[in-house]
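Only one structure is covered here, and it is reproduced in the block below.
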Amino acid sequence: MPKQLPNDWLLLITTLPTKNATARMRLWRAIKAHGCATLRDGAYLLPAQPRTEHALARLAADTTEAGGGAHL
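Here the numbering used here = 1-based position in the sequence shown + 1451.
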């Protein structure tokens, strides 16, 4: 039987200055740790759940604090 996929997804779109390698690496590691699918550079996808929404909101806030931009 095929695996059922979620109907709703969360999309995180980020931009970070290329000069801020530390923040870029921190974001990349967190994205990998949460199991996000990468659609393209700076665009990440996770199933919509309260836990994943909170995690992506935190990553968006961290990205903004590091001088970048983020949209969830």
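By construction, the Cβ of each residue, glycine as well, lies at the ideal position given by its N, Cα and C atoms.
Going by beta carbons, Leu1462 and Ala1521 fall outside the 8 angstroms limit. Between the beta-carbon of Thr1469 and that of Gly1493 there is about 12 angstroms, and that puts the pair past the 8 angstroms contact cut.
Boundaries of the beta strand (DSSP E) around Thr1489: Ala1488 to Arg1491. Assignment of beta-bridge partners to His1522 by DSSP yields Ile1464. Ala1474 sits in a helix when the DSSP states are folded into three classes.
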